[in-house]
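In full-length UniProt numbering, the protein residues as written are 1 to 514. Positions of the beta carbon are idealized from the N, C-alpha and C atoms, including for glycine. Only one structure is covered here, and it is reproduced in the block below.
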């Protein structure tokens, strides 16, 4: 059975292992491609988002709304100068107007600014709401804040904004860009903010600067709608700050369970793109996809991660199916082997034992499996015919006369000697027939209806049941075995030795007569 089991299970295990390995490589490649596709979708969304912002800012600068409010002689810069005798006084009178509170400093000179404010403020508010910008402000050529949609203290006191305005104004007219943007900086606890700067021109001369504030809140909200659960997304600048609140969670209450790999960030800043598996440069069980983002004059790193458990879920299903298949095949082969053992091996063993009994002269042993139609049935039928032939030979009249003559010349029947020797050996062993048969290994033990039987040994305990051709060698070996386990001081020891000598003497005489 074991050779059948080995020859059957080894090819199955090899084929299943090869199939699992090949399919696992395909599933791993598929997981990497899926993460790369997800990363590229984020890339398209991000680039489109910032390109749309640039387009909206440049269109505003070229529209009549910006030109009329900041480019002509009656625009906000000129009206701001008429709010007071100096810049400080104009700034003091401008604050209540921007905060839409009662103007305690309003005078005759402030009426023009009030008319401009009522005319353009609502239009700038509508434009901000339409393009989802955060704030809009206007500065004159002296870097004074002359108008803003939302009055905020940091609008005028922002160092990055002031430096950018100064840099834009100091540029030659031929080198001055149509727009420029400051770097993203933290604004609040979870928001990154930047300013778009656009020069407002009149007849080729710069009249004022339009500053438009943008944050990453709208971009984060857009990406959150397209993000897979449990995945992480980062858009990291050169200062290793994420523009997407460090992590874009799937829900507002979620907390990040994965972190970006530093090696992936460095690779993206070097212009590389790809997928980093969990075994590469990271101790966290996750897949990381990275690529550079060069958009509107900025160089960022786009990193997206997904847990290894989620990315390789089809791979775990494949392993489970393969293991189940191997287990099912093993169980099936065990069942088939067990069936073959009872169908083929056990009948052959039974018929072999039957032939051995016939060879020992025990012709009363039953022959089974004669009703089968296969080769085992033919073998059983042949043994049955052999049994009848042997019985006819042993019990023929000539055989009976020869047996009587032989018995007449023998002073004592060998059958009696064998029976006496076996009873003496059993008495020396303590009367345990089953124990003597199992320990010596000379007599077979049968299991019949839940109990153990020693049928062959029992035949040598009575003269009437001893086979006509007894197996005297087994009796002698049994005596040797019992003598080895019997002390010389035992009362049975000398009797066993004498019985053994009697049998050997009879055998030698019998051979001499022949």
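Is residue i near the ligand FMN, in the sense that its beta carbon is under 7 Å from a heavy atom of that ligand?
{"i": "residue 337", "result": "Absent from the structure shown: the ligand FMN. Ligands present: none."}
How far does the beta strand (DSSP E) with residue i in it extend, from its first residue to its last?
{"i": "residue 141", "result": "First-last for residue 141: undefined, no H or E at that position."}
Could you say which of the options lies nearest to residue i if we only look at CA atoms?
{"i": "residue 358", "options": "341, 375, 385 and 333", "result": "385"}
{"i": "residue 271", "options": "303, 350 and 15", "result": "303"}
{"i": "residue 149", "options": "137, 141, 159 and 143", "result": "137"}
{"i": "residue 459", "options": "468, 334 and 452", "result": "468"}
{"i": "residue 221", "options": "488, 264 and 45", "result": "45"}
{"i": "residue 217", "options": "198, 193, 206 and 236", "result": "193"}
{"i": "residue 70", "options": "185, 502, 152 and 211", "result": "211"}
{"i": "residue 416", "options": "34, 503 and 157", "result": "503"}
{"i": "residue 50", "options": "88, 288, 74 and 298", "result": "298"}
{"i": "residue 145", "options": "325, 453 and 76", "result": "76"}
{"i": "residue 390", "options": "118, 378 and 364", "result": "364"}
{"i": "residue 269", "options": "119, 240 and 457", "result": "240"}
{"i": "residue 15", "options": "455, 326 and 352", "result": "326"}
{"i": "residue 64", "options": "119, 21, 78 and 54", "result": "119"}
{"i": "residue 128", "options": "213, 182, 165 and 207", "result": "213"}
{"i": "residue 134", "options": "152, 117 and 143", "result": "152"}
Where does residue i fall in DSSP's three states?
{"i": "residue 443", "result": "coil"}
{"i": "residue 244", "result": "coil"}
{"i": "residue 308", "result": "helix"}
{"i": "residue 431", "result": "coil"}
{"i": "residue 190", "result": "coil"}
{"i": "residue 56", "result": "helix"}
{"i": "residue 132", "result": "coil"}
{"i": "residue 509", "result": "helix"}
{"i": "residue 368", "result": "coil"}
{"i": "residue 17", "result": "helix"}
{"i": "residue 37", "result": "helix"}
{"i": "residue 466", "result": "coil"}
{"i": "residue 230", "result": "coil"}
Can you pull the DSSP bridge partners for residue i?
{"i": "residue 274", "result": "290"}
{"i": "residue 205", "result": "202"}
{"i": "residue 236", "result": "242 and 301"}
{"i": "residue 210", "result": "138 and 198"}
{"i": "residue 181", "result": "196"}
{"i": "residue 295", "result": "298"}
{"i": "residue 148", "result": "137"}
Alpha carbon to alpha carbon, how far is residue j from residue i? Give it in angstroms, no decimals.
{"i": "residue 367", "j": "residue 445", "result": "18 Å"}
{"i": "residue 154", "j": "residue 187", "result": "10 Å"}
{"i": "residue 176", "j": "residue 168", "result": "7 Å"}
{"i": "residue 29", "j": "residue 242", "result": "28 Å"}
{"i": "residue 191", "j": "residue 97", "result": "28 Å"}
{"i": "residue 370", "j": "residue 349", "result": "14 Å"}
{"i": "residue 381", "j": "residue 388", "result": "11 Å"}
{"i": "residue 423", "j": "residue 461", "result": "6 Å"}
{"i": "residue 431", "j": "residue 482", "result": "12 Å"}
{"i": "residue 17", "j": "residue 309", "result": "22 Å"}
{"i": "residue 34", "j": "residue 319", "result": "20 Å"}
{"i": "residue 436", "j": "residue 505", "result": "25 Å"}
{"i": "residue 141", "j": "residue 112", "result": "20 Å"}
{"i": "residue 337", "j": "residue 11", "result": "16 Å"}
{"i": "residue 379", "j": "residue 490", "result": "49 Å"}
{"i": "residue 209", "j": "residue 80", "result": "14 Å"}
{"i": "residue 421", "j": "residue 329", "result": "55 Å"}
{"i": "residue 231", "j": "residue 42", "result": "13 Å"}
{"i": "residue 90", "j": "residue 84", "result": "4 Å"}
{"i": "residue 494", "j": "residue 451", "result": "34 Å"}
{"i": "residue 200", "j": "residue 178", "result": "9 Å"}
{"i": "residue 341", "j": "residue 443", "result": "24 Å"}
How far does the alpha helix (DSSP H) with residue i in it reach, from first residue to last?
{"i": "residue 69", "result": "64-70"}
{"i": "residue 76", "result": "76-81"}
{"i": "residue 350", "result": "346-359"}
{"i": "residue 322", "result": "313-340"}
{"i": "residue 266", "result": "262-269"}
{"i": "residue 218", "result": "217-226"}
{"i": "residue 154", "result": "153-157"}
{"i": "residue 481", "result": "472-484"}
{"i": "residue 88", "result": "87-98"}
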